[in-house]
Every structure is written in C-alpha cells, then in structure tokens.
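Novice:
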Amino acid sequence: MLAYIVRRLLWMIPLLLGVSVICFGLLKNAPGDPVTAIRAQSRASGATLQASDAAALREQYGLNDPIYVQYFDWLKLAARGDFGYSFRQNAPVIDVILQRLPNTAKLAGVSFLFTMLIALPLGILSAVKQYSKLDYVLTFVNFAGISIPQFWLGLMLVYIFAVNLGWFPATGMRSADLEPGTFNKVKDVVLPYVLPVPSITLVSIAGYMRYQRAAMLEVIRQDYVRTARAKGLPESAVIFKHAWRNALIPIITLLGYVFVILVEGSVVIENIFSWPGMGQLAVISLQQRDYPVIMGIVLLSATLILLGTLLSDIIYAIVDPRVRYD
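Be aware that the sequence shown starts at 63, since it is given in my numbering, and climbs by one per residue.
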C-alpha cells in the first residue's frame, strides 16, 4: 500500500504540470489582459488610464515577455510555494485564497452533511421498497432533482423567500442590521445558510440517492443477505449491518469529489447569493484577468482533486478487503 501511495503522489507532479500548462495557455490566449480590465474599469468610473501608464503596467507585470517566459517565471515561484501577487488586490495569492477558502468550506460542508443525511436513507428506503408507491415517488423526485438547474433553483428560492416574503437574507454571510442579543447572533449566523444550502443540497441529493439505490439493489440480492434473513435476523440488522456496509463502497468512490466542492464551491450559487467564497473569487478574477489568482485556484483545485481520489482509493481498500494495491 505504501508503495502505491508513493507512486500516486509522484504521478501527481506531471499531472499538475500539465494542468498548469493548459490553464496558463488558455488564460494567455483569452481576449484581454489585466491592464485592459483596469482601463475598462477606469473608464467606467470616469477616469482615464493613459497609454503610457498602461504600457508601464504591462512591463511591470511582465506581460510583454513571451508566453513561455511568463510561464516559467510563474512556475519557478510556484515550485517554492509562492504563487505571486494578485494584480487587482495587491496581496499575495495565498492570502487571497485562504481568506475565501473557509467560507466555501463552511457552505460546502453544511450542504454535504445534509446531502448525506437525506440522500443515503432515501436511497436505502427506495431500494428496500422497490416497485412500491414510495419507490415511484422517490424515483420521480430523483429525476426531478437531476433535471432542475442549480442556478434556476437558487434564483427561485431568492425570488420567493427573500424578495417576496422577506424571510431570509438574499446575499452575504451576515445581516446588515444585526441587533444585540445571543439569539440574534445565532440567527445572524444561521439564516444566511437557509437559501444557499438547499440550492446545492436538493440537486446533490438526487445523484447520491440514485447511486445508493442502485448499490443497495445489487447487494440485497446477494446470497449472504438471504442467508442472514434465513437465520432469523431482524430486518433492520440484515439491511444496515450486512447489506448497507457493502452498499456504501460505491459511495466511497465518490467522496474524492467532495474536495472539488470544498475548493471551488458552487460557482453559480456563490455568485447568486454573493457568498464570499472560492467560486465567487474565481468569477471575479476571470472578469478582472487576475492571472495569478486564477492559476492559484486552478492548481489548488487540481491538487485537492488528486488527493481526494487517492484518499477514496485508500478508503475503498480499507472497507473492501478484496481490493489490494500492489
């Protein structure tokens, strides 16, 4: 197992290099650059950035160098853990990312917790009650959840519960008019999650419930489950002790993708609700052509995706004794 882990970690190096090359090339070939974005913002605010000042900024940022020179300059710094400075925020990229990462982790963590607590029991129930009216209802809800676009659901929740009813805040992580008192402080922390979390969870539940149902249906038909029933074990013990433990194995393989959500969050949902997380930062940085921040986000995302898939493989081998990595 140790040799396998070392090999996977070593393979991450060329994969990350490939990701960085592709991302850097796409950014540099996209229309505009940071100076163009700065000039556009200056014109919008009524100011004018002179051509000489723009040329000086391009020279300062190294934008006049050939693309391969710019890439290797960035790579030399990145290899030492220095991803440079944000063009627009004039701060280290690491600081900019770490400032947003906890906010995304909070939103994604709460959403993932509710997704698992709801999707897994419903998937088990749908499999155990196969072809019943309950199974048909859950299957319909499942397909409806898969079909609903996340952005549409988020906008509808904002329109109904924030705009029309005014029950919950539509944007941000804190209320603007916080009143003193312990209850108000708790409400101020909880209420901003009420709309974004369902926007992510209701769509995510459909996918996990579908996987759990399919895995459970495959397991409950196995001989050892029939043997457990023949021994007179309670149905709850047969389902949860014998069947569900093995039906969780396919779900474990999906856990690596949780790291993707933790890094990037839901780009759409964070922008709809003005949630100050990684997803919103990525969109703002793309609009502003803030290359160092975008490269930092992409590289961090790719690293956590690879680590997440490695972790899911390791857990898979621990849970299923039939799996061995040589």
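A virtual CB, placed ideally from N, CA and C, is assigned to each residue, including glycine. Because the structure is a prediction, the values reported are computed rather than measured.
1. Suppose the cutoff is 7 Å on Cβ atoms and the five residues either side in sequence are ignored; what does the same chain contact list for TRP214 look like?
2. When you compare only the Cα positions, how much space is there between TYR286 and VAL248?
3. Identify the continuous alpha helix (DSSP H) that holds SER347 and give its terminal residues.
4. Take ALA113 as the anchor and find which of GLY207, GLN122, LEU200, ARG101 has the nearest alpha-carbon.
5. Using CA coordinates, which residue listed in LEU71, TYR133, LEU64 is at the minimum distance from ASN91?
6. Let me know the secondary structure DSSP gives PRO128 once reduced to three states.
7. Taking only the alpha-carbon atoms, compute the straight-line gap between ILE313 and ALA268 and give it to the nearest angstrom.
8. Pull up the distance between the alpha-carbon of MET340 and that of VAL83, whole angstroms please.
9. Check the Cβ-Cβ distances between LEU227 and every residue of chain B, and say whether any is below 8 Å.
10. Under three-state DSSP, which class holds PRO154?
11. Is DSSP giving TYR403 helix, strand or coil here?
12. Per DSSP, what kind of secondary structure is SER209 in: helix, strand or coil?
13. For VAL265 and THR177, I'd like the C-alpha separation in whole angstroms.
14. Whole angstroms is fine: what's the gap from PRO93's alpha carbon to TYR130's?
15. Can you confirm whether the segment 300 to 317 touches the segment 182 to 192 when touching is taken to mean that 3 or more C-beta pairs between the two stretches lie within less than 8 Å?
16. Decide yes or no for the touch test of the segment 273 to 291 against the segment 248 to 261: beta carbon pairs closer than 8 Å, at least 3 of them.
17. What ranges does the beta strand (DSSP E) occupy inside the segment 169 to 217, keeping only unbroken runs of at least 3 residues that lie completely in it?
18. Using a threshold of 8 Å, state whether the C-beta atoms of LEU187 and LEU196 are closer than that.
19. Quick one: is ARG69 buried, meaning 16 or more other Cβ sit within 10 Å of its Cβ, or exposed?
20. Over the uninterrupted alpha helix (DSSP H) stretch that includes PHE223, give me the two end residues.
21. With distances taken between CB atoms, is the gap from ILE334 to LEU217 smaller than 8 Å?
22. Put ILE377 into one of helix, strand or coil per three-state DSSP.
23. Pick helix, strand or coil for ALA232, following the three-state DSSP scheme.
24. Counting C-beta neighbours from all protein chains within 10 Å, is the total for TYR255 16 or more, i.e. buried, or is it exposed?
25. Should PRO338 and PHE149 be called a contact, given that it needs their Cβ atoms to be closer than 8 Å?
26. Could you give the C-beta distance for ASN350 and ALA99, rounded to a whole number, given that I count them as a contact under 8 Å?
27. What is the rounded straight-line gap between the Cα of ASP250 and the Cα of PRO128?
28. Indicate the three-state DSSP secondary structure (helix, strand or coil) for ARG283 in the structure shown.
29. Closer than 7 Å by C-beta to VAL345: which residues in its own chain qualify, once you throw out the five before and the five after it? Chain order, please.
30. How would you call ARG142, buried or exposed, if buried means at least 16 neighbouring beta carbons within 10 angstroms?
31. Helix, strand or coil for PRO258 per DSSP?
Specialist: On the basis of the supplied data:
1. none
2. 49 Å
3. 340 to 349
4. ARG101
5. TYR133
6. coil
7. 13 Å
8. 21 Å
9. Looking for chain B here will not work: only one protein chain is present.
10. strand
11. Outside the shown range of the chain, which is 63 to 388, sits residue 403, and nothing can be said about it.
12. helix
13. 9 Å
14. 18 Å
15. yes
16. no
17. none
18. Their beta carbons are under 8 Å apart, which means LEU187 touches LEU196 by this criterion.
19. exposed
20. For PHE223, no alpha helix (DSSP H) encloses it, and the DSSP letter there is neither H nor E.
21. yes
22. Looking at ILE377 - three-state DSSP - the assignment turns out to be helix.
23. coil
24. buried
25. no
26. The sequence as given places Gln at residue 350; Asn does not occur at that position. Yes, they are in contact, since the Cβ atoms of GLN350 and ALA99 sit about 5 Å apart, within 8 Å.
27. C-alpha of ASP250 to C-alpha of PRO128: approximately 50 Å in a straight line.
28. coil
29. The residues are VAL329, ASN333.
30. exposed
31. helix
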